[in-house]
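Q: In this text, residue positions in the sequence shown follow the numbering used here: the first is 1, and each later residue adds one. Backbone N, C-alpha and C fix where the C-beta goes; we use that ideal spot for every residue, glycine too. Please read these numbers as outputs of a predicted model, since none were measured by experiment. Below you will find the structure I want to go over with you.
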Amino acid sequence: MSLRNVYGYIDNVSELIKPPFDKPQSFIKLFDGTKQRKLVEMVTQIKENAIKIIG
1 MSLRNVYGYI DNVSELIKPP FDKPQSFIKL FDGTKQRKLV EMVTQIKENA IKIIG
């Protein structure tokens, strides 16, 4: 098991448009462009923080 799985951060934000995150609706249909960008920024910041903590 990798540290990525232990801490649960997303390596690549493109994972948000793939299963299981595409159910019941896709990321693109569920959120408008502004909200998509904010969510991607939050995911990126969480990943960066996780890397700092475990790195």
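1. Can you round the beta-carbon distance between I17 and I10 to whole angstroms, since I take them to be within the 8 Å contact cut?
2. Which word fits N5, buried or exposed, when buried means at least 16 other C-beta atoms lie within 10 angstroms of its C-beta?
3. How far does the alpha helix (DSSP H) with I10 in it extend, from its first residue to its last?
4. Look at the Cβ atom of V13, then the Cβ atom of T44, and state whether they are nearer than 8 Å.
A: With the given structure in hand:
1. The sequence position of residue 17 within the sequence shown is 17, counting from 1. The sequence position of residue 10 within the sequence shown is 10, counting from 1. 11 Å between Cβ atoms; not a contact.
2. Within the sequence shown, numbered from 1, the residue matching residue 5 stands at position 5. Model confidence at N5 stands at a pLDDT of 46, short of 50, so the residue's coordinates are unreliable and nothing is read from them.
3. What you label residue 10 is simply residue 10 of the sequence shown in a count that begins at 1. Run containing I10: none; DSSP gives neither H nor E here.
4. Working through the sequence shown from its first residue, we reach residue 13 at position 13. Working through the sequence shown from its first residue, we reach residue 44 at position 44. Yes, the Cβ-Cβ distance between V13 and T44 is below 8 Å.
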